[in-house]
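Residue numbers (this note's numbering), protein chains in the order written: chain A, 291 to 353; chain B, 719 to 846.
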Amino acid sequence: NSSTLTTPQNQVDSLMQEVADEAGLELNLDLPSAQSNTLGTSTATASSEQDELSQRLAKLRQM
Amino acid sequence: AEAGMTSNTRKNVGPGEPVLATQKHHHRKAFEYISKALKIDEEDAGRKDQAIEMYKRGIAELEKGIALDVANGQGESWERARRLQEKMMTNMVMAQERLEILERALSGLVVGETVDIPDIILRGPSPS
Numbered sequence: 291n292s293s294t295l296t297t298p299q300n301q302v303d304s305l306m307q308e309v310a311d312e313a314g315l316e317l318n319l320d321l322p323s324a325q326s327n328t329l330g331t332s333t334a335t336a337s338s339e340q341d342e343l344s345q346r347l348a349k350l351r352q353m
Numbered sequence: 719a720e721a722g723m724t725s726n727t728r729k730n731v732g733p734g735e736p737v738l739a740t741q742k743h744h745h746r747k748a749f750e751y752i753s754k755a756l757k758i759d760e761e762d763a764g765r766k767d768q769a770i771e772m773y774k775r776g777i778a779e780l781e782k783g784i785a786l787d788v789a790n791g792q793g794e795s796w797e798r799a800r801r802l803q804e805k806m807m808t809n810m811v812m813a814q815e816r817l818e819i820l821e822r823a824l825s826g827l828v829v830g831e832t833v834d835i836p837d838i839i840l841r842g843p844s845p846s
């Protein structure tokens with residue numbers, strides 16, 4: 291198929307980026323927690339969020 | 719998305735999933751409430767009565783999350799759920815301790831008023 295050869299590189303790149311985004315390959319760690327919904331929260335995220343609470347609670351205990 | 723290390727332990731799909739989703743839901747609510755409580759509590763001038771309210775709500779969500787049975791599921795997502803449950807237990811205990819301290823402190827502030835505070839809150843549990 292000759293059409294693939296004539297596709298501009300930048301279009302290929304943007305399509306690749308699109309596919310990557312859709313597959314969630316990009317790790318967006320800066321996502322505010324308030325915006326992530328329940329189903330979107332992975333257990334790993336949940337786990338580190340619980341850790342965060344532990345640390346903050348422990349700090350208050352030392353005061 | 720959660721490809722395990724082996725394809726043999728494939729029991730994490732099926733009737734167990736709603737439990738895991740429910741656990742996450744309660745985690746999420748608890749996290750929101752306790753985060754709010756901590757934010758208020760960490761400020762010196764924070765309204766401690768508001769922090770108390772948020773701690774209570776957070777603890778209630780943790781209780782619901784911990785009450786879910788995740789003991790018997792096979793596979794990585796269940797193991798993670800069990801670890802999450804342990805962390806929720808830790809935080810429930812810590813949040814309760816903090817709540818008791820705040821309630822005690824607050825009851826000290828309103829000593830001039832007539833308030834019915836059980837001795838257990840004023841003095842704390844007697845050492846045994």
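For each residue, glycine too, the CB sits at the ideal point set by N, CA and C.
As the structure is a computational prediction, the values presented were derived from the model and not from experiment.
Checklist line | Sub-7 Å separation of Leu347 of chain A and Met812 of chain B beta-carbons | finding: What you label residue 347 of chain A is simply residue 57 of the first sequence in a count that begins at 1. What you label residue 812 of chain B is simply residue 94 of the second sequence in a count that begins at 1. Yes. Within cutoff.
Next item on the list: Please check the pair Leu802 of chain B and Ser338 of chain A, which I expect to be a contact at CB under 8 Å, by giving their CB distance rounded to whole angstroms.
Entry: Numbered from its first residue, the second sequence carries residue 802 of chain B at position 84. Numbered from its first residue, the first sequence carries residue 338 of chain A at position 48. Separation of the CB atoms of Leu802 of chain B and Ser338 of chain A is rounded to 10 Å, and the pair is thereby denied contact status at 8 Å.
Item checked: Neighbour-count burial assignment, Met306 of chain A, 16 or more Cβ in a 10 Å radius -> In the first sequence, residue 306 of chain A corresponds to position 16, counting from 1. A residue is called buried when at least 16 other Cβ atoms come within 10 angstroms of its Cβ; Met306 of chain A does not meet this threshold and is exposed.
Next item on the list: Assign Lys742 of chain B to one of two classes, buried (16 or more other C-beta atoms within 10 Å of its C-beta) or exposed (fewer than that).
Entry: By 1-based counting over the second sequence, the position of residue 742 of chain B is 24. Here Lys742 of chain B is buried, its C-beta having at least 16 other C-beta atoms within 10 Å.
Notebook entry, point to check: Name the chain A residues that come within less than 9 Å of Ile752 of chain B, Cβ to Cβ?
Noted result: Along the second sequence, one-based indexing puts residue 752 of chain B at 34. Identification of chain A residues near Ile752 of chain B by a Cβ-Cβ cut-off of 9 Å yields Leu343, Arg346, Leu347, ordered along the chain.
Notebook entry, point to check: Counting Cβ pairs, one atom from each stretch, are 3 or more of them under 8 Å apart for the segment 754–774 of chain B and the segment 791–798 of chain B?
Noted result: Counting Cβ pairs under 8 Å, fewer than three are found: no touch.
Checklist line | Own chain residues within Cβ distance below 6 Å of Arg775 of chain B, not counting five before or after | finding: Locating residue 775 of chain B in the second sequence gives position 57, where the first residue counts as 1. Sequence-distant partners of Arg775 of chain B (beyond 5 residues in either direction) whose C-beta falls short of 6 Å from its own C-beta, in its chain, are Tyr751.
Next item on the list: Within its chain, find whatever has a CB closer than 7 Å to the CB of Glu735 of chain B; leave out the 5 residues flanking it on each side and keep chain order.
Entry: Looking up residue 735 of chain B in the second sequence gives position 17. Once the five neighbours on either side are set aside, Glu735 of chain B has no close Cβ partner at all.
Checklist line | Buried or exposed by the 16-neighbour rule on C-beta atoms within 10 Å, applied to Asp320 of chain A | finding: Counting from one through the first sequence, the residue named residue 320 of chain A turns up at place 30. With a pLDDT of 47 at Asp320 of chain A, under the threshold of 50, the predicted position of this residue should be treated as unreliable, though the coordinate-derived value follows. Classification for Asp320 of chain A: exposed.
Margin query: Give me the chain E residues within the contact set of Gln352 of chain A, using Cβ-Cβ distance strictly less than 9 Å, ordered along the chain.
Written below: In the structure shown, chain E does not exist; the protein chains are A and B.
Checklist line | Span separating the alpha-carbon of Lys782 of chain B from that of Thr297 of chain A | finding: For this step, residue 782 of chain B is matched to residue 64 along the second sequence. For this step, residue 297 of chain A is matched to residue 7 along the first sequence. Rounded to whole angstroms, Lys782 of chain B to Thr297 of chain A spans 55 Å at the Cα level.
Checklist line | Same chain, Cβ closer than 8 Å to Leu329 of chain A, neighbours up to 5 away in sequence not counted | finding: For the purposes of this step, residue 329 of chain A is taken as residue 39 along the first sequence, with counting starting at 1. Bear in mind that a pLDDT of 48 at Leu329 of chain A, under 50, signals an unreliable position, so the model cannot answer this.
Next item on the list: Can you grab the Cα-Cα spacing for the pair Ala785 of chain B / Trp796 of chain B, in whole Å?
Entry: The residue labelled residue 785 of chain B in the question sits at position 67 within the second sequence. The residue labelled residue 796 of chain B in the question sits at position 78 within the second sequence. Those two C-alpha atoms are separated by around 15 Å.
Next item on the list: List the whole-angstrom C-beta distance separating Thr335 of chain A from Arg798 of chain B, where the pair is believed to meet the contact cut-off of C-beta under 8 Å.
Entry: Taking the first residue of the first sequence as 1, we reach residue 335 of chain A at position 45. Taking the first residue of the second sequence as 1, we reach residue 798 of chain B at position 80. About 11 Å separates the two Cβ atoms, so there is no contact after all.
Next item on the list: My understanding is that Ala755 of chain B touches Ala769 of chain B, with C-beta atoms under 8 Å, so please give their C-beta distance in whole angstroms.
Entry: Start at 1 with the first residue of the second sequence, and residue 755 of chain B comes out as number 37. Start at 1 with the first residue of the second sequence, and residue 769 of chain B comes out as number 51. With a Cβ gap of about 5 Å, Ala755 of chain B and Ala769 of chain B count as contacting.
Check: On the three-state DSSP scale, how would you describe Gly776 of chain B?
Finding: The residue given as residue 776 of chain B occupies position 58 in the second sequence. In this structure, Gly776 of chain B counts as helix in the three-state DSSP scheme.
Next item on the list: Please list, in chain order, all residues of the same chain as His744 of chain B whose beta carbon is under 6 Å from its beta carbon, the five residues on each side excluded.
Entry: Locating residue 744 of chain B in the second sequence gives position 26, where the first residue counts as 1. Excluding positions up to five away in sequence, the list reads Glu779, Lys782, Gly783.
Notebook entry, point to check: In its own chain, which residues sit with a C-beta less than 6 Å from the C-beta of Met772 of chain B, not counting the 5 before and 5 after it?
Noted result: Against the second sequence, residue 772 of chain B aligns to sequence position 54. In the same chain as Met772 of chain B, and ignoring 5 residues on each side of it, the C-beta atoms closer than 6 Å to its own belong to Tyr751, Lys754, Ala755, in chain order.
Next item on the list: Give me the Cα-Cα distance between Glu300 of chain A and Arg800 of chain B, rounded to the nearest whole angstrom.
Entry: Along the first sequence, one-based indexing puts residue 300 of chain A at 10. Along the second sequence, one-based indexing puts residue 800 of chain B at 82. Strictly speaking, residue 300 of chain A in this sequence is Asn, with Glu absent from that position. Their Cα atoms are separated by approximately 46 Å.
Note to self: Taking 7 Å as the threshold (beta carbon to beta carbon), is Ala336 of chain A in contact with chain B?
What the structure shows: For the purposes of this step, residue 336 of chain A is identified with residue 46 of the first sequence, where counting begins at 1. True, the Cβ-Cβ gap to chain B drops below 7 Å.
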